[in-house]
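S.K.: Numbering (our numbering), first residue to last: 133 to 313.
Spelled out as structure tokens, the structure:
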């Protein structure tokens, strides 16, 4: 077996295996935020595919059902997945149903990241060692990677549409984005 230089293409007899990335799982509120901003494509750009449990899909459809169904249907990179073991939701009883389903799906699929905004759910993720981000973190990553130009106008739209963001979170995000007035 001969050696080859780093960076040289593999010989036809060598096989390379591509290991798929572990999935990203989203809760309802980040979906709502991105839907309000009409930015579902950011999920595809940042993570290729995002999984949501049926419970999250149902919460997402709870209001403005037809518009939200159409948006989700036009975003095939957001895939609804049924839990293999829905009875495991009970092991996450201290958080709400959608968030509990997110954590069960994350366990079942060995997720690399969960996207959630609720403060208690984020604390829970920290406690059980699950990596997480939220809508604001997603927007910051999108700016850092060049998918959006600015975070400020997007945060303003979220706030104008009733999305609850603490003043300290907004201030920290603007500072991190280099957009402080």
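C-beta: ideal position from N, C-alpha, C; glycine also.
Report the option in 266, 309, 273 whose CA atom is closest to the CA atom of residue 295.
M.R.: Nearest C-alpha to residue 295: 266.
S.K.: Using 8 Å as the threshold, is the segment 287-301 in touch with the segment 162-173, meaning 3 or more CB pairs across them?
M.R.: Contact holds: three or more Cβ-Cβ distances are below 8 Å.
S.K.: Could you please give the first and the last residue of the uninterrupted alpha helix (DSSP H) stretch that includes residue 246?
M.R.: Not the alpha helix (DSSP H): residue 246 falls in the beta strand (DSSP E), residues 245-247.
S.K.: Under 7 Å Cβ to Cβ from residue 176, same chain only, skipping five residues before and after it: list those, please.
M.R.: Excluding positions up to five away in sequence, the list reads 209.
S.K.: So, at 7 Å on beta carbons, what are the nonlocal neighbours of residue 160 in its own chain, with the 5 sequence-adjacent residues on each side left out?
M.R.: Correct list, in chain order: 188, 191, 192, 230.
S.K.: Could you spell out where the alpha helix (DSSP H) holding residue 236 opens and where it closes?
M.R.: It spans 229-240 - the alpha helix (DSSP H) in which residue 236 sits, taken as one unbroken run.
S.K.: Between the C-alpha atoms of residue 201 and residue 264, what's the straight-line distance to the nearest angstrom?
M.R.: About 26 Å.
S.K.: Go ahead and pull the three-state DSSP assignment for residue 218.
M.R.: In this structure, residue 218 counts as helix in the three-state DSSP scheme.
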